[in-house]
Amino acid sequence: MDEGKGAPLTIGDLGERTGLSPAVLRMWETRHNFPVPQRLSSGHRRYTEDDVARVQQVLRRKEAGVRLEVAIAEASAATAPTSPSIFAELRRKHPTLVTHRLRKSTLIALSWALEDECCAVADRPVLFGAFQRGDFYDSSAARWTELARTARAAIVFADRWNGTASDAAGPARSPLSEDAPLRREWAVVCDAPDSTACLSAWELPGQADVPDRQRVFEAVWTVDPVAVRDAARVAAAVAAEAGVLGATDLVAELAGAPTARPAATAPVTALFNRVVAYVDRLT
Numbered sequence: 164m165d166e167g168k169g170a171p172l173t174i175g176d177l178g179e180r181t182g183l184s185p186a187v188l189r190m191w192e193t194r195h196n197f198p199v200p201q202r203l204s205s206g207h208r209r210y211t212e213d214d215v216a217r218v219q220q221v222l223r224r225k226e227a228g229v230r231l232e233v234a235i236a237e238a239s240a241a242t243a244p245t246s247p248s249i250f251a252e253l254r255r256k257h258p259t260l261v262t263h264r265l266r267k268s269t270l271i272a273l274s275w276a277l278e279d280e281c282c283a284v285a286d287r288p289v290l291f292g293a294f295q296r297g298d299f300y301d302s303s304a305a306r307w308t309e310l311a312r313t314a315r316a317a318i319v320f321a322d323r324w325n326g327t328a329s330d331a332a333g334p335a336r337s338p339l340s341e342d343a344p345l346r347r348e349w350a351v352v353c354d355a356p357d358s359t360a361c362l363s364a365w366e367l368p369g370q371a372d373v374p375d376r377q378r379v380f381e382a383v384w385t386v387d388p389v390a391v392r393d394a395a396r397v398a399a400a401v402a403a404e405a406g407v408l409g410a411t412d413l414v415a416e417l418a419g420a421p422t423a424r425p426a427a428t429a430p431v432t433a434l435f436n437r438v439v440a441y442v443d444r445l446t
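The sequence shown lines up with residues 164 to 446 when you count with the working numbering.
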């Protein structure tokens, strides 16, 4: 682990340090996504000294009369993503996500499926899209303008934007600095109380001479609300750093835990059906 100081702590260690039982800590994680552990390949939780401090902060605020959910939101808001890379953050916090090596043509199909399915059922979602280059976005501009129309907020990322990218009806455009990890990444993030989905990928190096749609990426995708919220926090932080209007408010909004939802197979099945249809169309 590269976060915090000292050796990793078990949930029992965290309980001893804070006076809370492991059962209470697990309940907080389930209901409020706090504290967020790192997971070993075995599934066991591990925590840091920073987690101890955040739990102690919540307890102090509770003693001062602050409601638990408010105290947790305050402590979470102070925890910025550790990486400006969506892909790296997901792999760090959710190592059980399965990675796939996919061609760009397949990523396009996956992206369209996520955009259509999530946004067809999501209530005022927060949307993020990473396109690497501004000219890659051009073919998706009409689609994202329509997506932004019903979204609470929509932001897209690329290395630079041309003169036609200032359409006020479309998503906010965030430029990426020369050393930004998102310049090598592809992402679609849809975060809403009733529907979540995320696709994240990074382009493997050494493909300068590969035809555009044959370029290969390492990708993960998920509909888990916690993982999607982690991806959305990274995107909002990158946009805020770039000075995108309203992004700072999004950082604060997304600091809280996502809405807990019971596991359901229907949304995943619907998304899979769209994926199959798009892949079949593009291959």
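Heads up, the beta-carbon is just placed ideally off N, CA and C, and yes, glycines get one too.
Because the structure is a prediction, the values reported are computed rather than measured.
| query | result |
| --- | --- |
| With 16 other CB atoms within 10 Å as the buried threshold, where does His-207 fall? | exposed |
| Can you check whether the CB of Ile-235 is closer than 9 Å to the CB of Gly-124? | Beyond the ends of the chain as shown, which are 164 and 446, falls residue 124; an answer cannot be given. |
| Rounded to whole angstroms, what is the Cα-Cα separation between Trp-384 and Arg-296? | 21 Å |
| Within 10 Å of its beta-carbon, does Met-164 have 16 or more other beta-carbons around it, so buried, or fewer, so exposed? | The predicted model places Met-164 with a pLDDT of 42, which falls under 50 and marks its position as unreliable, so this point remains unresolved. |
| Return the chain-ordered list of same chain residues with a C-beta closer than 8 Å to the C-beta of Pro-198, the five sequence neighbours on each side being excluded. | Leu-177, Leu-188, Trp-191, Glu-192, Tyr-210, Asp-214, Arg-217, Val-218 |
| Pairs of beta-carbons, one from the stretch 349 to 363 and one from the stretch 263 to 282, closer than 8 Å: are there three or more? | yes |
| Identify whether Arg-296 lies in helix, strand or coil by the three-state DSSP scheme. | coil |
| What separation, rounded to the nearest whole angstrom, lies between the Cα atoms of Arg-254 and Pro-368? | 18 Å |
| Taking the straight line between their C-alpha atoms, what separation do you get for Thr-411 and Ser-337? | 13 Å |
| With distances taken Cα to Cα, identify the nearest neighbour of Thr-181 among Glu-366, Arg-223, Pro-200. | Arg-223 |
| Just mark Asn-196 as buried or exposed, buried being the case when its beta carbon has 16 or more other beta carbons within 10 Å. | buried |
| Could you tell me the boundaries of the beta strand (DSSP E) in which Leu-362 lies? | 358 to 366 |
| Can you give me the Cβ contacts of Thr-308 inside the same chain, cut-off strictly under 6 Å, excluding the 5 residues immediately before and after it? | Ala-332, Gly-333 |
| Between Ser-205, Ala-364, Ala-355, which has its C-alpha nearest Ala-314's C-alpha? | Ala-355 |
| Just tell me which of Ala-390, Leu-413, Ser-363 has its CA closest to the CA of Arg-264. | Ser-363 |
| Less than 9 Å separating the beta-carbons of Val-319 and Ala-335? | yes |
| With 16 other CB atoms within 10 Å as the buried threshold, where does Gly-406 fall? | exposed |
| Between the alpha carbons of Gly-228 and Gln-220, how many angstroms are there, rounded? | 13 Å |
| Please go through the same chain and pick out, in chain order, the residues whose beta-carbon is closer than 7 Å to the beta-carbon of Leu-408, but skip the five residues on each side of it. | Ala-335 |
| What residues in its chain sit with their C-beta under 8 Å from that of Thr-173, if we drop five residues either side in the sequence? | His-207, Arg-208, Arg-209, Tyr-210 |
| From Glu-416, Ala-316, Ser-358, Ala-293, pick the residue whose C-alpha is nearest to that of Leu-345; which is it? | Ala-293 |
| Provide the residue span of the alpha helix (DSSP H) that contains Asp-176, from first to last. | 174 to 181 |
| Using three-state DSSP, classify Thr-385 as helix, strand or coil. | strand |
| In the stretch 228 to 310, which residue ranges form an unbroken alpha helix (DSSP H) of at least 4 residues, counting only runs that do not cross its ends? | 231 to 240, 249 to 256, 267 to 284, 297 to 301 |
| Might you give, ordered along the chain, the residues of its own chain that have their beta carbon closer than 8 Å to the beta carbon of Pro-200, omitting 5 neighbours on each side? | Ile-174, Glu-192, Arg-208, Arg-209, Tyr-210, Asp-214 |
| So, using beta-carbon positions, are Asp-357 and Val-284 closer together than 9 Å? | yes |
| Closest to His-257 by CA distance: which of Thr-269, Ala-402, Glu-404, Cys-361 is it? | Cys-361 |
| Identify whether Arg-346 lies in helix, strand or coil by the three-state DSSP scheme. | helix |
| Output the boundary residues of the alpha helix (DSSP H) element that contains Arg-323. | Where Arg-323 is concerned, there is no enclosing alpha helix (DSSP H), given that its DSSP letter is neither H nor E. |
| Got a sec? Which residues, its chain only, sit under 6 Å from Ala-321 by beta carbon, not counting five neighbours each side? | Phe-294, Arg-296, Gly-297, Tyr-300 |
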